[in-house]
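Counting with mature numbering (1 follows the signal peptide of the UniProt record, and there is no 0), you get residues -21 to -1, 1 to 753 for the letters of the sequence shown. Glycine included, C-beta positions come from ideal geometry on N, C-alpha and C.
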Amino acid sequence: MLRRAAVFLFLLVLSAGAARAQSAAFGFEYRALAPVVEGTDTLRQAWAGGLSTPQFSIIDLDGDGQDDLFAFDRQSSRCYTFLSALQKDGSRRWQYAPDYEALFPADLAGWALLRDYDCDGRPDLFSYVNGGDIRVFHNVAGAGGRPSFVLATNQILFTGAGTGTSNLTIGGYNMPAIADVNGDGKLDILSYDFVSATLVELYLNNSPDACGAALNFKIDTNYWAQLQACVGCAAYQLPGLACRGGAAARPEHTGGHNLLTLDLNGDGVYDVLDGRDNCPELVALLNQGTNQQAALTASAIRTDFPSAANPVRLAVFPAGYLIDTDFDGTKDLVVASNTLDNRQDFVSQRDNVRLYRNAAATGAPAFSFQPQGFLTNDMVDVSEAAAPAFGDLDGDGLADMLIGSYADRVNGQYRASLTYYRNVGTATQPVFRLVTRDYLGLAAKGTAPALFYALKPVLVDLNRDGALDLAYAANYQNVNYIYYILNTARAGQPAAFDPATANYFKPQGAAGSGVLPSFIGDMPCFTDVDGDGYVDLLLGTDNYTEPGMALRYFRNQGAGVALENAFVAVNNDFGQIRDAAGARPYHLSPAVADFDGDGRPDLVTADNTGAVRFFSNYRTLVTGPAAPRTDLFWNALLGQYEGNRLGQGPLVRYGLAAADLNADGVPELFVGTEAGGVSSYAVRRGAAVPTPTRPAAAALGLALYPNPARAQATAETAQPTRVSLLDLTGRRVRPADAPARQHLLNLSGLAPGLYLVRAEAADGSAAVQRLAVQ
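Here's what the structure looks like:
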C-alpha cells in the first residue's frame, strides 16, 4: 500500500497531467430529476422544497395575461413562484417555476403581499420592514411583460387629527388587510395596533388621484367597530358584551393577528377574517354596518367559519388568502399558518395548507373544505429541516432515498423519523415511491422522553465491506450523537439494519481539545479527506463547548482502531468558512462529490445565511482557506448564474446530499430545506464540460475496457503499474494491487455510477481515467 503522505499528495493534485481547469460554464440548474409517487398520486411539485408558512398572492409572472402564483414563506424568508401552465387537454395546472423568484427583492421578511395600488393592472409589492413599518415596491413592466419591482417608499406615512405625520407601524407580528374597504377605489390598510394587538385600526388612502397611487394615508379610527380582542382565543369585547371566547393564549406568544377582508354574505359590505397567534380558529367578523362605518354585535362573531361541520382549525395562527386555485374564475379560500417559528408550538408543518373551494360563481361565497389541501400535498414534505441521503437499500442496484427531519407531530408526539422512498425506476430514469415515514421504526420505538429529534442520515460504507451502513446524527434523550448501524447483509443484497445494534462515535481526547461535538443539528459528511481508503468525517456543527467553527475535520485512524473510536480531530475550522460579515455561519451542511467533472472531489456547503458555497477540489482546504464560488445556480430566465434563493434566517437549516441518479456520470445536488421539502439540481444542460487532457495517461498508456462495464473491467498500461479504484469522493473502493501491465478489476458489489481508475508507476508518475459501472 502506498504511504499515506504519498497518496494524500497525489489526491491533492490528482497528478498535474490529469487535472483540468474548471469550466466557467459549470453550475447547477433546478430540475425535477425523478417522479415521486405517494400512494396512487404522482406528486406534481415533488421537488419544489416544501411549504411551512406561505403567504399567497396572484400576479402575472410571464406576461401571458394569465394569473400566476406568488408565495412568500415567513419562516424561511423564501419566495416561491408558480406558473399557470396550459396542459395538452386545455386545462391548467400550477407549475413550479423557480427562475421567477429572482424578480423579487432578496431581503423580504415578515410578510409580503401583492396588491395593485396604482390601477395599472400590475400588482405591487407591500412588505414588512424595520420592525413593523410597511414598504412598497412599484411593479413596472419588465422584459416580456414580466414584473420588475422598484422601491416606491421605504416607509408608508399617515396623518392623524392634530398629530402631524407619523410612520404607519403595525408591529412585528401583525399582517394587515390591504384592500379598498370604504369603496372609493383606493387601497386602504386595516390592521391590529402594534402596541398590544387588541384594537383594530383603519387607515384610509386619501391620495388626491382617483386610484390612490400617491400612497397618502390618514387614520380613520383606532377602534374599528368598537371591537377589542381579549386574552382568550376567539375572545372579543364589544359595547355591552364582555369578553367571550376560548382558552387564553400562551404568554410566550405575541398576540399578533392576520386579517383578510371579503364579503362573506353577499350584502355588498366587507367582512373580516381574523386569525390569531397561538389560536386555531379563523374567526369571521360579519360587518353589520357599512363600508364607511363598520358595526358588530355578538351574533356577528362566528367561530365556526365557514361551517359548523368543517370550521377552520389550523394548529396555530391561521391566515386566509383569496386565490382561484382551480382556474374556474372564482376565488377560493386558502388557509395557512403564519407563525414565525415552531420552537414553542411543536406542530406538524406537513400538508398544512388548507383549501376551501368556492362553489358560488357570484354573490356570497360557498366555501367547502377540500381534504387534499393546496400545493403541499403535491410536494415531498417531512415537516421541517429535511436532510436527504441516497443509497441502494433494497439491493436492486438503484439509489433509494432516505429523508431525515428535525421533527413532525404524529399521533400526539413531536418527534423525528426517517422517511423512505424506494427507487422503482431504472438506472437512467429513477422513480421514487413512498414506502414508509418511519424507516426502521425509529420513531415508533420511542416514547417520551426517548424520542429522536434532528435526524440527519448518511448512507456510507463505514467498515469497508462493500455494503452501505447507516449513520445518523440525532438528538436522543436530550443528548446528541452521531450514531451508526452496520449493515449485516453482503454487498449487493438488501440492507439489513438492526436498530438494537446502534452505536455511536465516541469523542477522542480531553474536553476542550476539539473532540467530536455532540450538538443538536450536527450535519455529518463522510469522505476520504486524506486518501488512505478510510472515510473521514467533515462535520457541520453549531457546537460552542469545544473550540472550533462551523466545519470541522476528523480523521479516521484506520486499521486496528475500533470503529466507535475511529475519528480524531484534525482541523476545527476546515476551510475557514465565514459569512459576508466575516462571522461564523450556523447550521452548516456539507456534501462532497466531483460536481465539476475534473476528477477531483468538490465540497458544497449551505448554511443559515442562505449562501451555498462551492469549493473545487476541496482537499486543498487542508493547507488553508480558499475563496468559494457562490453564483452557482443558473437562471435561464435572466441568462445568468446567481446565488441560492431557498431562504435565509437564524432558524433556517439545510441538508445537502449528492447522488448520480440518472447514471450520466455526473452527480446531482439535493437540498433539504427548512420547510421540510427537497429541491433537486443537476449540472446545467449545455454547460461546456471539456474532455480533460491527460499527458500522464498518454505516457503510461492507460487503457480501460470495456467502459462502461458491469462485473469486471481490464486496465492496461505500457509499463508495470499499481492500479486502484476510487469513488468520486476520493474513497478507495478497491485497493492497489501488485505492479503489472494488465489488471483485472472486480466490480461486483459496486453501486452503478462513475469511478476513478488510478495507475501509478514505480517512478511516481500516475494517470487517472474514469470508469462507468453499470
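With distances taken between CB atoms, is the gap from G491 to E525 smaller than 8 angstroms?
Start at 1 with the first residue of the sequence shown, and residue 491 comes out as number 512. Start at 1 with the first residue of the sequence shown, and residue 525 comes out as number 546. Yes, Cβ-Cβ distance for G491 and E525 is below 8 angstroms.
C-alpha gap between Q753 and L640, whole angstroms
What you label residue 753 is simply residue 774 of the sequence shown in a count that begins at 1. What you label residue 640 is simply residue 661 of the sequence shown in a count that begins at 1. So the alpha carbons of these two residues sit roughly 12 angstroms apart.
For the structure I just gave you, are there three or more beta carbon pairs, one from the stretch 632 to 650 and one from the stretch 378 to 390, closer than 8 angstroms?
Output reads yes: the stretch 378 to 390 touches the stretch 632 to 650.
Is the number of C-beta pairs between the stretch 156 to 166 and the stretch 176 to 189 that are closer than 8 angstroms three or more?
Touching, yes, given that three or more Cβ pairs across the two stretches are closer than 8 angstroms.
Under three-state DSSP, which class holds V601?
As a first step, residue 601 must be located in the sequence shown, where it is residue number 622. Here V601 sits in helix by DSSP.
What is the rounded straight-line gap between the Cα of residue 758 and the Cα of V16?
Because the chain spans -21 through 753 in this model, residue 758 falls outside it and cannot be assessed.
To the nearest angstrom, how far is the alpha carbon of F7 from that of N289?
Reading the sequence shown from its first residue, position 28 is the one you call residue 7. Reading the sequence shown from its first residue, position 310 is the one you call residue 289. Computed Cα separation, rounded: 44 angstroms.
Neighbourhood of Q45 by C-beta, 7 angstroms cutoff - its chain only, sequence neighbours within 5 removed:
Locating residue 45 in the sequence shown gives position 66, where the first residue counts as 1. When the five nearest sequence neighbours on each side are left out, the beta carbons in the same chain lying within less than 7 angstroms of the beta carbon of Q45 are those of D39 and S63, in order along the chain.
Between D586 and S568, what straight-line distance do the alpha-carbon atoms span, to the nearest angstrom?
Walking along the sequence shown from the start, residue 586 turns up at place 607. Walking along the sequence shown from the start, residue 568 turns up at place 589. Rounded to the nearest angstrom, the gap between the Cα atoms of D586 and S568 is 6 angstroms.
DSSP puts W73 in a beta bridge; with which residues?
The residue given as residue 73 occupies position 94 in the sequence shown. According to DSSP, W73 bridges with S63.
Option nearest N270 by Cα separation, candidates G728, L683 and D199:
Within the sequence shown, residue 270 is the residue found at index 291, counting from 1. The candidate whose alpha carbon is nearest that of N270 is D199.
So, for L194: in the same chain, excluding its five sequence neighbours on each side, which residues have a beta-carbon less than 8 angstroms away from its beta-carbon?
Here residue 194 is taken as the residue at index 215 of the sequence shown, counted from 1. Taking L194 as the centre and dropping the five residues before and after it, the same chain places the C-beta of Y96, V115, A131, T132, I135, N184 and S186 closer than 8 angstroms to its C-beta, in chain order.
Could you give the residue range of the beta strand (DSSP E) that holds W613?
Counting from 1 along the sequence shown, the entry for residue 613 is found at position 634. Where W613 is concerned, the enclosing beta strand (DSSP E) stretches over F612 to N614.
Kindly confirm or deny that the stretch 578 to 592 and the stretch 616 to 631 touch, where touching means at least three C-beta pairs closer than 8 angstroms.
As far as the Cβ criterion goes, the stretch 578 to 592 touches the stretch 616 to 631, which means the pair count is three or higher.
Curious, which full-length beta strand (DSSP E) runs of at least 3 residues does the stretch 369 to 434 contain?
Segments of the beta strand (DSSP E) lying fully in the stretch 369 to 434: 379 to 383, 387 to 389, 392 to 394, 397 to 402 and 411 to 415.
Label K424 either buried or exposed according to how many other C-beta atoms from any shown protein chain fall within 10 Å of its C-beta, with 16 as the threshold for buried.
Numbered from its first residue, the sequence shown carries residue 424 at position 445. The C-beta of K424 has fewer than 16 other C-beta atoms within 10 Å across all chains shown, which makes the residue exposed.
Own chain, CB closer than 6 angstroms to L729, minus 5 neighbours either side, in chain order
Taking the sequence shown and counting its residues from 1, one reaches residue 729 at position 750. Scanning its chain for C-beta atoms nearer than 6 angstroms, with the 5 sequence neighbours on each side dropped, one finds around L729 the residues V752, in chain order.
What are the partner residues of S659, as DSSP defines its beta bridges?
As a working note, residue 659 is residue 680 in the sequence shown. According to DSSP, S659 bridges with F649.
Could you tell me the distance, in whole angstroms, from the CA atom of Y400 to the CA atom of P84?
Numbered from 1 along the sequence shown, position 421 holds the residue referred to as residue 400. Numbered from 1 along the sequence shown, position 105 holds the residue referred to as residue 84. Here the alpha carbon of Y400 sits roughly 36 angstroms from the alpha carbon of P84.
Whole runs of the beta strand (DSSP E) within the stretch 257 to 305, excluding any shorter than 3 residues
Taking only runs of at least 3 residues, the beta strand (DSSP E) segments lying wholly in the stretch 257 to 305 are 261 to 264 and 297 to 302.
For my contact list, P259 and A294 are in at a C-beta cut-off of 8 angstroms; report their separation, rounded to the angstrom.
The residue you call residue 259 lines up with position 280 of the sequence shown. The residue you call residue 294 lines up with position 315 of the sequence shown. Contact flag correct, Cβ pair sits at about 6 angstroms.
Since Y171 is in the beta strand (DSSP E), which residue starts that stretch and which ends it?
Position 192 of the sequence shown, counting from 1, holds the residue named residue 171. D167 to Y171 is the extent of the beta strand (DSSP E) around Y171.
Secondary structure at E363, three-state DSSP: helix, strand or coil?
Counted from its first residue, the sequence shown places residue 363 at position 384. Assigned with DSSP and collapsed to three states, E363 falls in coil, not helix or strand.
Give me the DSSP bridge partner(s) of L181.
Locating residue 181 in the sequence shown gives position 202, where the first residue counts as 1. Note: L181 sits in a beta bridge opposite L169 and T200.
Check the DSSP bridge columns for S127 and list the partner residues they point to.
As a first step, residue 127 is located in the sequence shown; it is residue number 148 there, counting from the start. V119, per the DSSP bridge assignment.
Rounded to whole angstroms, what is the Cα-Cα separation between F35 and W90?
Against the sequence shown, residue 35 aligns to sequence position 56. Against the sequence shown, residue 90 aligns to sequence position 111. Spanning the two alpha carbons is a distance of roughly 10 angstroms.
By the 10 Å Cβ neighbour count, where 16 or more other Cβ atoms means buried, how is C222 classified, buried or exposed?
Within the sequence shown, residue 222 is the residue found at index 243, counting from 1. It counts as exposed.
Nearest by alpha-carbon distance to A606: which of L582, R10 and L319 is it?
If you number the sequence shown from 1, residue 606 lands on position 627. For A606, the nearest C-alpha among the options comes from L582.
Less than 8 angstroms separating the beta-carbons of L679 and A746?
Within the sequence shown, the letter at position 700 stands for residue 679. Within the sequence shown, the letter at position 767 stands for residue 746. Contact flag set, yes.
What did DSSP end up calling G254 once you bin it into helix, strand or coil?
Taking the sequence shown and counting its residues from 1, the one referred to as residue 254 is at position 275. DSSP places G254 in strand when its eight states are reduced to three.
Tell me whether the stretch 457 to 467 and the stretch 428 to 448 touch, counting them as touching only if at least three CB pairs, one residue from each stretch, are closer than 8 angstroms.
A contact between stretches requires three or more CB pairs, one per stretch, nearer than 8 angstroms, and the stretch 457 to 467 meets this requirement with the stretch 428 to 448.
Residues in the same chain with beta-carbon distance under 7 angstroms from L65, minus the five sequence neighbours each way, listed in chain order, please.
As a first step, residue 65 is located in the sequence shown; it is residue number 86 there, counting from the start. R71.
Since L93 and L104 are thought to touch, with beta carbons under 8 angstroms apart, how far apart are those beta carbons, to the nearest angstrom?
The residue you call residue 93 lines up with position 114 of the sequence shown. The residue you call residue 104 lines up with position 125 of the sequence shown. 6 angstroms between Cβ atoms; contact.
Inter-residue spacing [alpha-carbon to alpha-carbon] between L434 and V549
As a first step, residue 434 is located in the sequence shown; it is residue number 455 there, counting from the start. As a first step, residue 549 is located in the sequence shown; it is residue number 570 there, counting from the start. When only Cα atoms are considered, L434 and V549 end up about 25 angstroms apart.
Check whether the Cβ atoms of V262 and P33 sit closer than 8 angstroms, and answer yes or no.
Numbered from 1 along the sequence shown, position 283 holds the residue referred to as residue 262. Numbered from 1 along the sequence shown, position 54 holds the residue referred to as residue 33. A distance of 8 angstroms or more separates the beta carbons of V262 and P33.
Identify which residue in G352, T415 and D283 has its Cα closest to the Cα of V314.
Start at 1 with the first residue of the sequence shown, and residue 314 comes out as number 335. Here the closest residue by C-alpha is G352.
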